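Enquirer: Residue numbering for the sequence shown follows the numbering used here, starting at 120 and increasing by one per position.
Where is the CB? At the ideal position from N, CA and C, for every residue including glycine.
Bear in mind that the values here come from a model prediction, so they are computed numbers and not experimental data.
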Amino acid sequence: MMKKQLPEQFKMRLKRILAQDTIDSVFDTFSDEKYLSIRVNTLKISPETYKQKLDHYPFSGQSVGEVGEMGESLLLKKPEAEESMSEMLRCVERDENEGLIYRQNLSSQCVAHCVDPKPNETVLDLCAAPGSKTSHMAALMRNEGRIWANEPIPKRFYKLKNVLSLLGVTNAELSCVDGRRFRPPVGLFDRVLVDAP
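(1) Is it the case that the stretch 288-296 contacts the stretch 265-277, given that we only count it when at least three CB pairs across the two stretches are under 8 angstroms?
(2) What's the gap between the Cα of Glu238 and the Cα of Arg261?
(3) Decide if Cys233 is buried, meaning its Cβ has at least 16 other Cβ atoms within 10 Å, or exposed.
(4) How is Asn269 classed by DSSP in three states: helix, strand or coil?
(5) According to the neighbour-count rule (16 or more other Cβ atoms, all chains shown, within 10 Å of its Cβ), is Glu167 buried or exposed?
(6) Would Asn216 be called buried (16 or more neighbouring beta carbons within 10 Å of its own) or exposed?
(7) For the beta strand (DSSP E) holding Ser294, just list the boundary residues, first then last.
(8) Inspect the beta-carbon positions of Ser165 and Arg222 and report whether they are closer than 9 angstroms.
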């Protein structure tokens with residue numbers, strides 16, 4: 120099983136942020152395709168309100184699990200029936216198009232919690248597209264402080280811009296330059312994220 124192949128340092132870091140009783144299930148998601156992981160966009164809706172919304176959806180086989188201390192992270196159990204799966208994906212896609220949720224792997228969701236940005240801090244995300252981690256950090260910061268989101272590839276830059284707009288991120292300044300040539304318009308950053316391609 121893949122959980123034994125995860126780097127030890129990564130597993131130790133996850134153990135620091137996850138609730139003890141969810142660690143094994145989170146490790147299982149790295150190799151288990153039975154779940155769809157989503158992040159509730161807390162800039163637009165609370166996890167509690169979104170879970171109530173899920174209760175009214177017309178598909179069966181749904182099981183929602185919250186992931187440790189990452190309360191905005193939800194695992195949706197994929198229905199076995201193809202018809203139910205299609206209905207589930209339609210509902211999820213509609214919510215994505217409204218900016219209520221973002222489909223994001225748990226491993227990617229862990230990054231923002233590892234960076235641990237605080238409201239009123241200044242954060243640099245040097246290779247920011249498509250915007251999943253940038254928008255997650257903005258949500259953790261409650262749109263306070265400032266995120267400098269840089270994406271060196273023009274096509275991906277426009278994707279980043281659209282994602283941040285859809286999700287209601289208002290504390291991000293965007294730039295499109297090679298990271299090696301990026302010159303910060305402010306002094307120092309409190310946090311830096313480099314998820315280089």
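Expert: So, to answer that:
(1) Touching, per the Cβ criterion.
(2) As a first step, residue 238 must be located in the sequence shown, where it is residue number 119. As a first step, residue 261 must be located in the sequence shown, where it is residue number 142. Residue identity differs from the one stated: residue 238 is Pro in this sequence, not Glu. Distance between the alpha carbons of Pro238 and Arg261 is about 6 angstroms.
(3) Within the sequence shown, residue 233 is the residue found at index 114, counting from 1. Under this definition Cys233 is an exposed residue.
(4) As a first step, residue 269 must be located in the sequence shown, where it is residue number 150. Secondary structure at Asn269: strand, using DSSP grouped into helix, strand and coil.
(5) The residue given as residue 167 occupies position 48 in the sequence shown. Exposed.
(6) For the purposes of this step, residue 216 is taken as the residue at position 97 of the sequence shown. When all chains shown are included, Asn216 counts as exposed.
(7) Position 175 of the sequence shown, counted from the start, is the residue given in the question as residue 294. 291-294 is the extent of the beta strand (DSSP E) around Ser294.
(8) In the sequence shown, counting from the first residue as 1, residue 165 sits at position 46. In the sequence shown, counting from the first residue as 1, residue 222 sits at position 103. Result no, Cβ atoms of Ser165 and Arg222 do not sit closer than 9 angstroms.
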